[in-house]
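Asker: Provided herewith is a single structure, encoded as structure tokens, for subsequent inquiry.
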Amino acid sequence: MRILVTGTAGFIGSTLSIRLLERGDEVIGVDNVNDYYDPSLKEARLARLKKYENFTEVRISLEDKAAIDDAFTTYKPQKVVNLAAQAGVRYSLENPQAYIDANIVGFTNILEGCRHNKVEHLVYASSSSVYGANESMPFSVHDNVDHPVSLYAATKKANELMAHTYSHLFDLPTTGLRFFTVYGPWGRPDMALFMFTKNIIEGKPIDVFNYGKHKRDFTYIDDIVEGVIRTLDNVAEPNPDWTGMNPDSATSKAPYKIYNIGSNKPCELMRYIEIIEECVGKKAEMNLLPLQPGDVPATYADVDALIKDVDYKPSTSIEDGVAKFVEWYRDFYKV
Numbered sequence: 004m005r006i007l008v009t010g011t012a013g014f015i016g017s018t019l020s021i022r023l024l025e026r027g028d029e030v031i032g033v034d035n036v037n038d039y040y041d042p043s044l045k046e047a048r049l050a051r052l053k054k055y056e057n058f059t060e061v062r063i064s065l066e067d068k069a070a071i072d073d074a075f076t077t078y079k080p081q082k083v084v085n086l087a088a089q090a091g092v093r094y095s096l097e098n099p100q101a102y103i104d105a106n107i108v109g110f111t112n113i114l115e116g117c118r119h120n121k122v123e124h125l126v127y128a129s130s131s132s133v134y135g136a137n138e139s140m141p142f143s144v145h146d147n148v149d150h151p152v153s154l155y156a157a158t159k160k161a162n163e164l165m166a167h168t169y170s171h172l173f174d175l176p177t178t179g180l181r182f183f184t185v186y187g188p189w190g191r192p193d194m195a196l197f198m199f200t201k202n203i204i205e206g207k208p209i210d211v212f213n214y215g216k217h218k219r220d221f222t223y224i225d226d227i228v229e230g231v232i233r234t235l236d237n238v239a240e241p242n243p244d245w246t247g248m249n250p251d252s253a254t255s256k257a258p259y260k261i262y263n264i265g266s267n268k269p270c271e272l273m274r275y276i277e278i279i280e281e282c283v284g285k286k287a288e289m290n291l292l293p294l295q296p297g298d299v300p301a302t303y304a305d306v307d308a309l310i311k312d313v314d315y316k317p318s319t320s321i322e323d324g325v326a327k328f329v330e331w332y333r334d335f336y337k338v
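Here the sequence shown stands for residues 4 to 338, where the numbers follow our numbering.
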């Protein structure tokens with residue numbers, strides 16, 4: 004397959020691309036390598052991809068419509084995985100425009116590229132953050148997600164609505180994946196695991212929000228990638244039982260699907276920190292702080308639809324996953 008992957012300098016995008024390249028797919032990698040976080044880490048991820056003959060790098064921004072159009076017409080991908088986005092809940096309070104540009108305008112350009120170039124399947128990253136103020140656990144893809152608590156979450160919910168419109172109007176198969184707190188080797192420096200590991204090793208205090216009472220459905224990177232590949236290979240189809248009298252938000256009469264990809268095992272933040280401490284071999288000094296604006300106290304993924312449709316459930320334990328990250332961190336930063 005010739006697959007266009009956006010966000011190939013990113014955490015999930017680079018790891019997914021290696022899996023696709025190793026199984027023989029051709030990957031057209033789109034990324035603008037911006038400076039939202041350390042570009043040298045992004046370049047290091049890309050360097051791994053450039054070793055493969057079947058990888059082509061296209062360094063452009065999603066919001067550059069002419070450049071995106073050109074990439075589609077030049078490379079004619081059969082499938083597309085859109086992972087590029089302006090990420091981060093907290094940053095969306097400081098710089099909302101970045102989220103509109105990348106996540107709304109950029110995603111429109113991807114949808115248009117897919118529509119006009121007869122792409123067979125678009126898989127795109129949504130987020131567990133769309134569940135927002137929902138307190139019904141575990142979070143189900145059939146739940147109402149109309150109450151986001153950050154602009155980041157609102158843009159991801161908007162992506163799902165936009166994708167449905169294109170599935171309905173243009174018969175474009177789309178699958179949205181709600182990722183739950185992804186962690187592991189090559190992870191993002193703005194994520195808790197990276198910041199905690201760095202500060203504990205360096206003997207600096209860590210900021211622990213919600214006084215450590217957070218619960219997160221931490222999901223290991225390889226489990227996320229396996230879920231992406233299985234759903235990518237399983238092209239979205241219409242649900243013949245769907246009815247507007249009793250609408251199901253995860254399916255449609257159009258070729259449209261939504262899945263959660265999460266470990267289905269929430270872990271309290273204090274336990275997460277204990278595991279990091281064990282792997283690093285040092286105790287953390289903690290600044291206990293209240294819940295931040297835009298954050299939610301808990302996430303917990305219902306993955307029944309993923310199991311039913313693609314026979315997959317993430318299985319990496321948090322202990323194994325954190326150990327692999329700390330091992331990678333020490334090796335990469337030579338500490």
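Glycine included, every Cβ here is placed at the ideal spot set by N, Cα and C. None of the values given here were measured: they were computed from a predicted structure.
Could you tell me which of N267, K121, S153 and L154 sits nearest to F182, measuring between CA atoms?
Answerer: That would be N267, whose Cα lies nearest to the Cα of F182.
Asker: Relative to the C-alpha of I107, which residue among Y127, N120 and V122 is closest?
Answerer: Residue Y127 is the option with its Cα nearest to I107.
Asker: With H, G and I counted as helix, E and B as strand and the rest as coil, what does DSSP make of A136?
Answerer: Coil, per DSSP.
Asker: Nearest to P141 by CA position, among P296, E280, I264 and E163, is which residue?
Answerer: Ranking the options by Cα distance to P141, first place goes to I264.
Asker: Would you kindly work out how many angstroms separate the C-alpha atoms of Y223 and V185, rounded to a whole number?
Answerer: Distance between the alpha carbons of Y223 and V185: 6 Å.
Asker: Can you look up D314 in the DSSP assignment and give me helix, strand or coil?
Answerer: Reduced to three states, the DSSP call for D314 is coil.
Asker: By the three-class DSSP mapping on this structure, what secondary structure does M289 have?
Answerer: M289 falls in the strand class under three-state DSSP.
Asker: For K159, count the other beta carbons within 10 Å of its own beta carbon; 16 or more makes it buried, fewer makes it exposed. Which is it?
Answerer: Looking at its Cβ environment, which holds 16 or more other Cβ atoms inside 10 Å, K159 is buried.
Asker: Give the list of continuous beta strand (DSSP E) stretches no shorter than 3 residues that lie fully inside the stretch 86-131.
Answerer: Here the runs fully enclosed are 124-130.
Asker: Enumerated in chain order, which unbroken segments of the beta strand (DSSP E) with a length of 3 residues or greater are wholly contained in the stretch 53-81?
Answerer: As far as the stretch 53-81 is concerned, its whole beta strand (DSSP E) runs of at least 3 residues are 58-61.
Asker: Any idea what DSSP makes of F212, helix, strand or coil?
Answerer: Note: F212 maps to helix in three-state DSSP.
Asker: Using DSSP's beta-bridge definition, name the partner residues of K260.
Answerer: K260 is bridged to T178.
Asker: Do I232 and M289 come within 8 Å of each other at the CB atom, strictly closer than that value?
Answerer: Against a cut-off of 8 Å, the Cβ pair of I232 and M289 comes out as no contact.
Asker: Give the straight-line distance between the Cα atoms of A287 and N213, rounded to the nearest whole angstrom.
Answerer: Spanning the two alpha carbons is a distance of roughly 17 Å.
Asker: In its own chain, which residues sit with a C-beta less than 6 Å from the C-beta of F173, not counting the 5 before and 5 after it?
Answerer: Here the set comprises R118.
Asker: Skipping 5 residues on each side, what residues in its chain have a beta carbon closer than 6 Å to that of G109?
Answerer: So the qualifying residues of the chain are L65 and E66.
Asker: Counting pairs of Cβ atoms below 8 Å between the stretch 78-91 and the stretch 12-31, do you hit three or more?
Answerer: A contact exists between the stretch 78-91 and the stretch 12-31.
Asker: Mapping the DSSP letters down to three states, classify L272 as helix, strand or coil.
Answerer: Looking at L272 - three-state DSSP - the assignment turns out to be helix.
Asker: Give me the DSSP bridge partner(s) of R219.
Answerer: Partner(s): C270.
Asker: Would DSSP call G230 helix, strand or coil?
Answerer: It is helical.
Asker: Where does A239 fall in DSSP's three states?
Answerer: Of the three classes helix, strand and coil, the one that applies to A239 here is coil, per DSSP.
Asker: If we count the other Cβ atoms within 10 Å of its Cβ and call it buried at 16 or more, is T246 buried or exposed?
Answerer: With fewer than 16 other Cβ atoms within 10 Å, it is exposed.
Asker: Can you tell me which of K216, C270, R191 and H171 puts its alpha carbon nearest to the alpha carbon of Q295?
Answerer: Residue K216 is the option with its Cα nearest to Q295.
Asker: Between the alpha carbons of A69 and A326, how many angstroms are there, rounded?
Answerer: Approximately 43 Å, taken between the alpha carbons.
Asker: In chain order, what residues of the same chain lie with their CB nearer than 8 Å to the CB of A304, ignoring the 5 residues before and after it?
Answerer: Answer for A304: S131, P141, F142, R181, F183, D220, T222, N263, I264, G265, S266 and N267, listed in chain order.
Asker: Return the Cβ separation of D146 and S139 in integer angstroms, given the expectation that the two are a contact with Cβ distance under 8 Å.
Answerer: Yes, they are in contact, since the Cβ atoms of D146 and S139 sit about 6 Å apart, within 8 Å.
Asker: Whose CA, out of E330, E229, Y155 and D72, lies closest to the CA of L96?
Answerer: Among E330, E229, Y155 and D72, the Cα nearest to that of L96 belongs to Y155.
Asker: Can you list, in chain order, the residues of its chain whose CB lies under 7 Å from that of E322, leaving out five sequence neighbours each side?
Answerer: Around E322: I278.
Asker: Which value, in whole angstroms, describes the spacing of the CA atoms of P176 and S170?
Answerer: Each residue's alpha carbon lies about 6 Å from the other.
Asker: Of the choices V211, N249, T9 and I227, whose alpha-carbon is the least far from that of G190?
Answerer: The residue with the shortest Cα to Cα distance from G190 is I227.
Asker: Got a sec? Which residues, its chain only, sit under 7 Å from V313 by beta carbon, not counting five neighbours each side?
Answerer: If we look at V313 and ignore the five residues flanking it on each side, its Cβ neighbours are R233, T234 and N237.
Asker: So for L7, helix, strand or coil by DSSP?
Answerer: The answer is strand: DSSP assigns L7 an E or B state.
Asker: Can you grab the Cα-Cα spacing for the pair E115 / R333, in whole Å?
Answerer: Distance between the alpha carbons of E115 and R333: 42 Å.
Asker: Residue range of the beta strand (DSSP E) that V338 falls in?
Answerer: Premise fails: V338 is in no beta strand (DSSP E) and is neither H nor E.
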